[in-house]
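Have a look at the structure below before the remarks.
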Amino acid sequence: MASDIISMVTSKSVFEVADFDLLAATEAAASMADAMRRGGLKVDAVDAQVTKSKVKFDRQIAAIAKVKKADRIDSDDADLLPLES
Numbered sequence: 017m018a019s020d021i022i023s024m025v026t027s028k029s030v031f032e033v034a035d036f037d038l039l040a041a042t043e044a045a046a047s048m049a050d051a052m053r054r055g056g057l058k059v060d061a062v063d064a065q066v067t068k069s070k071v072k073f074d075r076q077i078a079a080i081a082k083v084k085k086a087d088r089i090d091s092d093d094a095d096l097l098p099l100e101s
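Numbering (this note's numbering), first residue to last: 17 to 101.
Written out as structure tokens, the structure is:
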């Protein structure tokens with residue numbers, strides 16, 4: 017199953033698999049600092065029980081999308097989608 021998804025994503029030009037590079041790390045750090053100023057790392061989380069590790073991972077994904085100027089993030093993760101903007 018996972019290999020099918022990877023094959024589909026890498027074969028379509030509408031998808032780009034991108035690294036968490038220095039620019040994305042800088043953006044993620046800025047996002048986390050902003051969240052801390054606004055009330056804590058989990059301030060934007062939909063699920064109050066979400067772990068800090070998951071919040072950090074979600075912010076990394078959102079940061080990659082932002083620095084790559086992605087049009088959108090396709091996900092069924094309710095906590096990731098608010099970070100898209």
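Positions of the beta carbon are idealized from the N, C-alpha and C atoms, including for glycine.
Assuming contact is defined by CB atoms lying nearer than 8 Å, are residue i and residue j in contact in what I supplied?
i	j	result
Arg-75	Ser-47	yes
Asp-60	Pro-98	yes
Using the rule of at least 16 other Cβ atoms within 10 Å of the residue's Cβ for burial, across every protein chain shown, is residue i buried or exposed?
i	result
Val-33	exposed
Ile-22	exposed
Short of 6 Å in beta carbon distance, which residues of its chain neighbour residue i, apart from the five on each side in sequence? Order them along the chain.
i	result
Glu-43	Ala-79, Lys-82 and Val-83
Ser-27	none
Since residue i contacts residue j with CB under 8 Å, what's their CB separation in whole angstroms?
i	j	result
Lys-68	Leu-57	6 Å
Asp-95	Val-66	6 Å
Compute every distance between the C-beta of residue i and the non-hydrogen atoms of the ligand SAM, then say whether any falls below 7 Å.
i	result
Thr-67	In the structure on display, the ligand SAM does not appear, and there are no ligands present to speak of.
Within its chain, find whatever has a CB closer than 7 Å to the CB of residue i; leave out the 5 residues flanking it on each side and keep chain order.
i	result
Asp-50	none
Ignore the nearest five residues each way along the sequence and tell me which others in residue i's own chain have a CB closer than 8 Å to its CB.
i	result
Asp-35	Ile-80
Val-25	Phe-31 and Val-33
At least 3 beta-carbon pairs within less than 8 Å: the stretch 69 to 84 vs the stretch 27 to 43: yes
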